[in-house]
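Chemist:
2 protein chains.
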Amino acid sequence: MVKEITAQALDTESFINEKVAEIRSAVGKGTAINALSGGVDSSVVTMLGHRALGDRLKTVLVENGLMRAGEVEQVTGFFRALDVPVQVADARNEFFAALRGLTDPETKREAITQTFYRQVFGRLVKESGAQHLLQGTILTDIDETVAGIKRQHNVFEQLGIDPEEAFGYKILEPLIQLRKEGVRKLGEALGLPDELFGRIPFPGPGLAARVIGEVTPERVEAVRRATEVVEAKLSGFGAFQYLAILHEDRVTGIREGRREFGQQIEVRCWDSVDARTATPTRVPFDLLEQLGREIVAAVPGVVSVTYNIACKPPSTIEAI
Amino acid sequence: MVKEITAQALDTESFINEKVAEIRSAVGKGTAINALSGGVDSSVVTMLGHRALGDRLKTVLVENGLMRAGEVEQVTGFFRALDVPVQVADARNEFFAALRGLTDPETKREAITQTFYRQVFGRLVKESGAQHLLQGTILTDIDETVAGIKRQHNVFEQLGIDPEEAFGYKILEPLIQLRKEGVRKLGEALGLPDELFGRIPFPGPGLAARVIGEVTPERVEAVRRATEVVEAKLSGFGAFQYLAILHEDRVTGIREGRREFGQQIEVRCWDSVDARTATPTRVPFDLLEQLGREIVAAVPGVVSVTYNIACKPPSTIEAI
Numbered sequence: 001m002v003k004e005i006t007a008q009a010l011d012t013e014s015f016i017n018e019k020v021a022e023i024r025s026a027v028g029k030g031t032a033i034n035a036l037s038g039g040v041d042s043s044v045v046t047m048l049g050h051r052a053l054g055d056r057l058k059t060v061l062v063e064n065g066l067m068r069a070g071e072v073e074q075v076t077g078f079f080r081a082l083d084v085p086v087q088v089a090d091a092r093n094e095f096f097a098a099l100r101g102l103t104d105p106e107t108k109r110e111a112i113t114q115t116f117y118r119q120v121f122g123r124l125v126k127e128s129g130a131q132h133l134l135q136g137t138i139l140t141d142i143d144e145t146v147a148g149i150k151r152q153h154n155v156f157e158q159l160g161i162d163p164e165e166a167f168g169y170k171i172l173e174p175l176i177q178l179r180k181e182g183v184r185k186l187g188e189a190l191g192l193p194d195e196l197f198g199r200i201p202f203p204g205p206g207l208a209a210r211v212i213g214e215v216t217p218e219r220v221e222a223v224r225r226a227t228e229v230v231e232a233k234l235s236g237f238g239a240f241q242y243l244a245i246l247h248e249d250r251v252t253g254i255r256e257g258r259r260e261f262g263q264q265i266e267v268r269c270w271d272s273v274d275a276r277t278a279t280p281t282r283v284p285f286d287l288l289e290q291l292g293r294e295i296v297a298a299v300p301g302v303v304s305v306t307y308n309i310a311c312k313p314p315s316t317i318e319a320i
Numbered sequence: 321m322v323k324e325i326t327a328q329a330l331d332t333e334s335f336i337n338e339k340v341a342e343i344r345s346a347v348g349k350g351t352a353i354n355a356l357s358g359g360v361d362s363s364v365v366t367m368l369g370h371r372a373l374g375d376r377l378k379t380v381l382v383e384n385g386l387m388r389a390g391e392v393e394q395v396t397g398f399f400r401a402l403d404v405p406v407q408v409a410d411a412r413n414e415f416f417a418a419l420r421g422l423t424d425p426e427t428k429r430e431a432i433t434q435t436f437y438r439q440v441f442g443r444l445v446k447e448s449g450a451q452h453l454l455q456g457t458i459l460t461d462i463d464e465t466v467a468g469i470k471r472q473h474n475v476f477e478q479l480g481i482d483p484e485e486a487f488g489y490k491i492l493e494p495l496i497q498l499r500k501e502g503v504r505k506l507g508e509a510l511g512l513p514d515e516l517f518g519r520i521p522f523p524g525p526g527l528a529a530r531v532i533g534e535v536t537p538e539r540v541e542a543v544r545r546a547t548e549v550v551e552a553k554l555s556g557f558g559a560f561q562y563l564a565i566l567h568e569d570r571v572t573g574i575r576e577g578r579r580e581f582g583q584q585i586e587v588r589c590w591d592s593v594d595a596r597t598a599t600p601t602r603v604p605f606d607l608l609e610q611l612g613r614e615i616v617a618a619v620p621g622v623v624s625v626t627y628n629i630a631c632k633p634p635s636t637i638e639a640i
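Chains A and B supply the protein sequences, listed in that same order. Here the first sequence is numbered in this note's numbering, starting from 1 and rising by one per residue. Here the second sequence is numbered in this note's numbering, starting from 321 and rising by one per residue.
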């Protein structure tokens with residue numbers, strides 16, 4: 001049983017000192033590795049790890065082909081500015097090969113998880129010679145996995161993997177007692193920029209979680225373009241999250257007087273405090289109509305755009 | 321080449337007299353039959369035919385299982401009030417049998433058309449002994465078929481059917497020179513109630529046109545319930561058309577803390593003058609959110625509801 005530290009109770013300086021000491025003690029004279037996704041949790045772990053180990057922590061950003069437009073450059077830029085080196089590993093082909101032909105959401109998620117841990121990151125760890133892996137697992141990840149709401153990709157037990165046996169490394173999870181708010185407070189104390197915290201939540205499987213049906217480079221590119229429009233247009237509403245989803249269903253459209261059986265993009269924008277319940281953001285209709293126009297203009301083959309009007313529950317924030 | 325009569329140019333009394341004379345002359349001492357869908361065109365043809373032939377016109381409403389809640393009762397009620405007898409032919413099993421396993425929109429539409437003309441109505445005509453069939457084809461049907469936008473199910477040529485050869489009857493199309501506005505003016509002159517004209521446009525294939533993927537009795541019932549909510553909630557906006565669509569894509573939902581892979585309903589509500597271009601009606605957000613709540617409550621298995629925000633073109637009014 002993990003003992004929670006609330007954001008209010010969190011004394012960042014003593015927490016940092018304690019975790020830095022623990023990481024140093026665990027890693028000893030060896031080296032460690034961690035994967036940076038650009039999310040708050042993995043970013044905070046990166047900072048904490050570098051504070052503890054300096055160059056003996058190798059931070060890798062795996063380019064899985066499922067990230068948003070400009071995201072790799074943006075994330076590496078944040079850390080370059082803090083003098084923390086990040087290595088980008090291009091594994092796009094491996095992920096798309098693993099996803100080929102898959103349509104079931106759980107199977108797709110599983111393929112991404114397996115490709116990441118067993119294949120790509122496993123190889124990177126082996127090549128690095130590191131004996132320790134730093135992970136950004138937080139308390140909420142455990143709760144949601146237990147509740148069966150989702151399978152957190154960063155909880156190893158879920159995979160039935162003993163990392164030490166399988167890959168020869170030990171896992172360190174310095175954030176396991178915290179929730180989002182505490183992680184954010186810690187990240188600020190570690191010097192991470194506001195911009196990084198301002199980024200809206202983004203799921204582990206990346207844009208694959210925004211594609212209903214098969215995840216191909218073309219379909220990811222379609223939802224990437226739609227996401228770019230949605231994020232640019234909806235960033236000003238203080239919404240909890242906003243996203244674009246590429247549907248598999250085809251709907252009739254018409255271009256230049258001719259019938260075209262095309263694709264549909266669904267836009268969701270949520271007002272929420274803690275993601276447990278959420279309501280659709282009341283975006284002005286002018287903007288919704290503009291969103292519709294820009295998405296059909298920006299994404300080839302898209303003839304229809306919808307906006308979510310259901311609440312969570314029974315909806316969920318993401319579609320798959 | 322059919323010569324158009326505009327609504328403005330239409331002199332209803334002389335048009336009625338002319339068409340009544342033409343129908344009488346064509347049918348002679350024989351009998352005629354017509355299919356009433358409840359749409360304006362077939363309703364006007366029914367009135368015109370009865371004016372010409374009285375009891376020698378048999379009017380049949382084919383219950384194909386694809387109509388809206390209460391629609392059969394409503395339509396037959398309109399005509400009962402006008403002393404025009406309408407026979408209801410229950411062909412639900414035949415239509416659902418023909419639709420079983422079909423997912424392609426064109427194939428589904430074709431199955432409905434073929435089941436209607438070759439099977440159900442063909443049999444009814446034969447049983448009736450009628451030599452003439454009255455049809456409510458209007459000029460717009462021909463235009464849209466020529467443009468390839470849709471295949472009007474009531475244009476026989478499209479089917480490669482010579483009705484006289486195939487079924488032994490001749491087709492009469494007394495409304496072929498008119499467009500919607502003219503037909504409506506004619507219907508008013510023939511005594512049809514305002515309520516009938518006030519009904520929003522409804523596609524030939526009925527609720528099958530509102531189901532993406534396979535059309536089963538269960539899936540039609542789902543979209544029927546959603547349609548009932550949508551029509552009740554959105555009737556007050558003076559919108560051109562409003563509809564519910566059952567998607568085939570599954571999306572994640574959550575009920576009682578447990579994940580549920582559920583269905584999605586899309587709502588469309590259009591402002592339009594002539595259906596050639598259309599924009600989404602700016603329904604207040606209170607009502608949209610209420611729509612979302614009522615649909616997930618009314619339709620088992622539905623966890624998500626969206627509202628269309630794209631314009632026509634490149635969208636179309638209906639989805640399939």
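Just so it is clear, CB atoms sit at the ideal spot from N, CA and C, and this is done for glycine as well.
Check the Cβ-Cβ distances between B/S624 and every residue of chain A, and say whether any is below 7 Å.
Modeler: It does; some Cβ of chain A falls within 7 Å.
Chemist: Please state if the CB of B/I565 and the CB of B/E586 are separated by a distance shorter than 7 Å.
Modeler: Yes, Cβ-Cβ distance for B/E586 and B/I565 is below 7 Å.
Chemist: Could you tell me the alpha carbon to alpha carbon distance between B/I637 and A/G262, rounded to whole angstroms?
Modeler: B/I637 and A/G262: Cα-Cα distance of roughly 14 Å.
Chemist: Between the region 333-341 of chain B and the region 291-310 of chain A, can you find at least three pairs of beta-carbon atoms closer than 8 Å?
Modeler: Short answer: they don't touch.
Chemist: So which of B/L495, B/R578, B/E342, B/E393 has the shortest CA-CA distance to B/L373?
Modeler: The option with the nearest alpha carbon to B/L373 is B/E342.
Chemist: Beta-carbon within less than 8 Å of A/L10's beta-carbon, same chain only, minus the 5 sequence neighbours each way: which residues are those?
Modeler: Cβ neighbours of A/L10 beyond the five flanking positions: L178, G182, K185, L186.
Chemist: Could you give the distance in angstroms between the alpha-carbon of A/E165 and the alpha-carbon of A/P313?
Modeler: In a straight line, the C-alpha of A/E165 is about 40 Å away from that of A/P313.
Chemist: Indicate the three-state DSSP secondary structure (helix, strand or coil) for B/E342 in the structure shown.
Modeler: Helix.
Chemist: Is it buried or exposed for A/H153, if we count other Cβ within 10 angstroms and need 16 for buried?
Modeler: At A/H153 the pLDDT is 44, less than 50, meaning the model places this residue with poor confidence; the figure from the coordinates comes in the next sentence. Answer is buried; the Cβ neighbour count reaches 16.
Chemist: Helix, strand or coil for B/N337? Go by DSSP, reduced to three states.
Modeler: Three-state DSSP puts B/N337 in a helix.
Chemist: Pair every Cβ in the region 267-282 of chain A with every Cβ in the region 234-253 of chain A, then say whether three or more of these pairs are closer than 8 Å.
Modeler: Output reads yes: the region 234-253 of chain A touches the region 267-282 of chain A.
Chemist: Would the region 85-102 of chain A and the region 53-63 of chain A be scored as touching if the rule is three or more Cβ pairs under 8 Å?
Modeler: With a cut-off of 8 Å, the region 53-63 of chain A and the region 85-102 of chain A count as touching, because enough Cβ pairs lie within range.
Chemist: In terms of residues, what are the limits of the beta strand (DSSP E) holding A/V302?
Modeler: Run containing A/V302: 302-308, per the beta strand (DSSP E) assignment.
Chemist: Any beta carbon of chain B sitting closer than 7 Å to that of A/I16?
Modeler: Taking Cβ atoms only, chain B never reaches closer than 7 Å to A/I16, which makes this a no.
Chemist: With B/E426 as the anchor, note down where its alpha helix (DSSP H) starts and where it stops.
Modeler: Segment 425-434, the alpha helix (DSSP H) holding B/E426.
Chemist: Would a check of beta-carbon distances place B/P521 closer than 7 Å to chain A?
Modeler: Closer than 7 Å: no.
Chemist: Under 7 Å, do A/A111 and A/L102 count as touching if we go by C-beta distance?
Modeler: Taking 7 Å as the Cβ cut-off, A/A111 and A/L102 qualify as a contacting pair.
Chemist: To the nearest angstrom, how far is it from the Cα of A/V211 to the Cα of A/A275?
Modeler: So the two alpha carbons sit approximately 21 Å from each other.
Chemist: Can B/F416 and B/P537 be called in contact, C-beta distance under 7 Å?
Modeler: It is a contact, given that the beta carbons lie within the stated cut-off.
Chemist: Using a C-beta to C-beta distance shorter than 7 Å, which residues of chain A count as neighbours of B/D569?
Modeler: In chain order: I212, H247, E248, D249.
Chemist: Does the beta carbon of B/I629 fall short of 6 Å from some heavy atom of the ligand PLP?
Modeler: Looking at this structure, you won't find the ligand PLP or any other ligand, since it has none at all.
Chemist: Is it buried or exposed, A/K233, if we count other Cβ atoms within 10 angstroms and call 16 or more buried?
Modeler: When all chains shown are included, A/K233 counts as buried.
Chemist: Flag B/E586 as yes if its beta-carbon sits less than 7 Å from any beta-carbon of chain A, otherwise no.
Modeler: It does: the Cβ of B/E586 has a partner Cβ on chain A nearer than 7 Å.
Chemist: Using DSSP with H/G/I as helix, E/B as strand and the rest coil, what is A/L53?
Modeler: Helix at A/L53.
Chemist: Measuring only between beta-carbons, confirm whether B/I629 sits less than 7 Å from chain A.
Modeler: Answer yes: the Cβ-Cβ gap between B/I629 and chain A drops below 7 Å somewhere.
Chemist: Strictly under 7 Å for the Cβ-Cβ distance: is B/L608 near chain A by that measure?
Modeler: By this cut-off, B/L608 is an interface position.
Chemist: Can you check which of these residues, B/T601, B/G524, B/T460, is closest to B/T435 by C-alpha distance?
Modeler: Ranking the options by Cα distance to B/T435, first place goes to B/G524.
Chemist: Count the other CB atoms, across all protein chains shown, that sit within 10 Å of the CB of A/S235; report buried if there are 16 or more and exposed otherwise.
Modeler: So A/S235 counts as exposed.
Chemist: Contact check, B/A546 vs B/V603 under 8 Å by CB: the rounded distance?
Modeler: In fact, because the Cβ distance is near 15 Å, the residues do not count as touching under 8 Å.
Chemist: How many whole angstroms separate the CB atoms of B/A542 and B/I640, which I take to be in contact at a CB cut-off of 8 Å?
Modeler: Contact doesn't hold; Cβ gap of about 15 Å is too wide.
Chemist: Along the chain, where does the alpha helix (DSSP H) that runs through A/D286 open and close?
Modeler: Where A/D286 is concerned, the enclosing alpha helix (DSSP H) stretches over 285-298.
Chemist: Does the distance from the C-beta atom of A/V75 to that of A/G136 stay below 7 Å?
Modeler: Not closer than 7 Å, so no.
Chemist: Please report how far the alpha carbon of B/G558 lies from the alpha carbon of B/L608, in whole angstroms.
Modeler: Going by the C-alpha atoms only, they are around 16 Å apart.
Chemist: Taking 7 Å as the CB-CB limit, is A/I112 close to chain B?
Modeler: For A/I112, the answer is no, since every Cβ of chain B falls outside 7 Å of its Cβ.
Chemist: Determine the extent of the alpha helix (DSSP H) in which A/T227 is found, giving its start and end residues.
Modeler: Unbroken alpha helix (DSSP H) run through A/T227: 217-234.
Chemist: Could you work out which residue in A/D286, A/D90, A/F197 is closest to A/Q119 when comparing CA atoms only?
Modeler: Among A/D286, A/D90, A/F197, the Cα nearest to that of A/Q119 belongs to A/D90.
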